[in-house]
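Engineer: Residue numbers 1 to 120, in full-length UniProt numbering, belong to the letters of the sequence shown in order.
The beta-carbon is built from N, C-alpha and C at its ideal position, and this holds for glycine as well.
In this text, all values refer to a predicted model and were calculated from it rather than measured experimentally.
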Amino acid sequence: MSASENFSLARAWLKAFNAHDVEALVALYAEDCTHTSPKIRVLHPETGGKLVGKQALAKWWREAIARLPGLKYEETALTADGERVFMEYLRHAPGDPDMPVAEVLEVKGGKIVASRVYHG
1 MSASENFSLA RAWLKAFNAH DVEALVALYA EDCTHTSPKI RVLHPETGGK
51 LVGKQALAKW WREAIARLPG LKYEETALTA DGERVFMEYL RHAPGDPDMP
101 VAEVLEVKGG KIVASRVYHG
């Protein structure tokens with residue numbers, strides 16, 4: 001994919017996330033995708049912070065939205081090439097201070113094959 005297509009993919013990701021549309025969000029991923037995050041490590045230490053497969057991601061995001069129904073991400077920067085997107089955003093969650101987050105999406109064949117979240 002081109003950098004332009006990967007920018008569009010990242011914006012579709014942010015739009016689906018902020019709409020809490022888990023089906024649209026998961027549709028952007030490959031079947032055998034992986035997702036790593038410090039939050040996963042904290043809430044589900046048995047995973048080592050890594051989820052594998054679309055079903056695991058869907059379950060994770062449904063739980064997150066149920067826990068934090070006001071959760072939103074505000075885009076601050078996107079950088080893309082033909083293989084990945086580096087997203088920076090502010091995490092807004094009611095009752096929590098805003099948190100700057102960086103997330104890398106690795107893309108193959110138009111689908112996200114891996115996503116990695118970085119924050120404090």
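A77 lies in the beta strand (DSSP E); which residues open and close that run?
Structural biologist: Locating residue 77 in the sequence shown gives position 77, counting from the first residue. Note, A77: beta strand (DSSP E), K72 to A80.
Engineer: I need the boundaries of the alpha helix (DSSP H) containing A64, first residue and last residue.
Structural biologist: The sequence position of residue 64 within the sequence shown is 64, counting from 1. It spans K54 to R67 - the alpha helix (DSSP H) in which A64 sits, taken as one unbroken run.
Engineer: Just reading off the beta strand (DSSP E) that L105 is part of, what are its end residues?
Structural biologist: The residue given as residue 105 occupies position 105 in the sequence shown. L105 -> beta strand (DSSP E) spans M99 to K108.
Engineer: Where does E23 sit, in a helix, a strand or coil, going by DSSP?
Structural biologist: As a first step, residue 23 is located in the sequence shown; it is residue number 23 there, counting from the start. Here E23 sits in helix by DSSP.
Engineer: In terms of residues, what are the limits of the alpha helix (DSSP H) holding L43?
Structural biologist: Residue 43 sits at position 43 when you count from the first residue of the sequence shown. Segment P38 to L43, the alpha helix (DSSP H) holding L43.
Engineer: Identify whether E5 lies in helix, strand or coil by the three-state DSSP scheme.
Structural biologist: For this step, residue 5 is matched to residue 5 along the sequence shown. Reduced to three states, the DSSP call for E5 is helix.
Engineer: Looking at C-alpha atoms only, which residue of L71, L43, H92 and L105 is the closest neighbour of A30?
Structural biologist: Within the sequence shown, residue 30 is the residue found at index 30, counting from 1. Minimum Cα distance to A30 is reached at L105.
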